[in-house]
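J.: Quick note: the sequence shown uses this note's numbering, first residue 146, plus one each step.
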Amino acid sequence: MMNKPSKTATVSSPLFADELALTVLNSLSAHIAILDENGVILETNQAWRNFSLKGGMPEDHDDRGTSYLEICEAAIGDDLADARKAAEGVRAVIAGEMDEFLFDYPCHSEDGPHWYYMRAIRMSGDGPVRVVTSHEEITALKLTEEALRESQDDLMEQKQSLEETNIAMKVLLKQ
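This is the structure we're talking about:
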């Protein structure tokens, strides 16, 4: 039995004339946006669009044509510092001041804590500047790191307690 092609595999893209390239982009788990030299979103992948839907955007929402940098600059509250750092990093990549910008940041929501790993890199080759930004969820890694830190803290407390007990025992045995 042959599978029907998914809707995303046949979606037209101004950036990808090749259906294979678009299919590969949409198969990635990272939320990906491709930006132009001004930070305007030229293309997104299916993971990006799914994240937008999950965040409450309407089904027909399309981020293409939106300034990624303006979105970052418009952030408020707890997200402000991280969003500004992301915008600065993307601008540095666009300007050619950095080859790659890497950043992990929290992005908590109503359904719980979330962390993401962001990467911005210039596409190689001739032609206009294009920057690929990817956001990969690393929540499981961050929660594991936190649990490991707590476990290490507990072990250090136990070690300290055992050392204190050992000293007390030595003092008692010398009497």
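Every residue gets a Cβ at the ideal spot worked out from N, C-alpha and C, and that includes glycine.
Which residue spans inside the stretch 218-296 form an unbroken alpha helix (DSSP H) run of at least 4?
T.: If we require 4 residues or more, the alpha helix (DSSP H) runs fully inside the stretch 218-296 come out as 225-239.
J.: Pick out the complete alpha helix (DSSP H) segments inside the stretch 155-191, 4 residues or longer, and give them in chain order.
T.: Segments of the alpha helix (DSSP H) lying fully in the stretch 155-191: 164-172.
J.: Can you tell me whether residue 191 is buried or exposed, with buried defined as 16 or more other CB within 10 angstroms of its CB?
T.: The residue you call residue 191 lines up with position 46 of the sequence shown. With 16 or more other Cβ atoms within 10 Å, it is buried.
J.: Taking contact to mean at least 3 C-beta pairs separated by less than 8 Å, is the stretch 307-315 in contact with the stretch 282-295?
T.: No: the two stretches stay apart, fewer than three of their Cβ pairs being nearer than 8 Å.
J.: Do the stretch 189-207 and the stretch 231-248 touch if we need at least three Cβ pairs shorter than 8 Å?
T.: No contact exists between the stretch 189-207 and the stretch 231-248.
J.: Tell me which same chain residues have a C-beta within less than 8 Å of the C-beta of residue 237, skipping the five on either side of it?
T.: If you number the sequence shown from 1, residue 237 lands on position 92. These residues qualify, in order along the chain: 243 and 246.
J.: State the CB to CB distance for the pair residue 213 and residue 180, rounded to an integer number of angstroms; the pair is presumed to be in contact (CB under 8 Å).
T.: Looking up residue 213 in the sequence shown gives position 68. Looking up residue 180 in the sequence shown gives position 35. Confirmed, Cβ separation roughly 5 Å.
J.: State the beta-bridge partners of residue 212 as determined by DSSP.
T.: For the purposes of this step, residue 212 is taken as residue 67 along the sequence shown, with counting starting at 1. Partner(s): 185.
J.: Quick one: using the 10 Å Cβ neighbour count with 16 as the cut-off for buried, is residue 240 buried or exposed?
T.: Taking the sequence shown and counting its residues from 1, one reaches residue 240 at position 95. Result: exposed.
J.: Do residue 261 and residue 282 count as a contact pair if the criterion is CB distance below 7 Å?
T.: In the sequence shown, the residue the question calls residue 282 occupies position 137. In the sequence shown, the residue the question calls residue 261 occupies position 116. Yes, the Cβ-Cβ distance between residue 282 and residue 261 is below 7 Å.
J.: Is residue 274 closer than 7 Å to residue 164 when the C-beta atoms are compared?
T.: Counted from its first residue, the sequence shown places residue 164 at position 19. Counted from its first residue, the sequence shown places residue 274 at position 129. Cβ atoms of residue 164 and residue 274: not closer than 7 Å.
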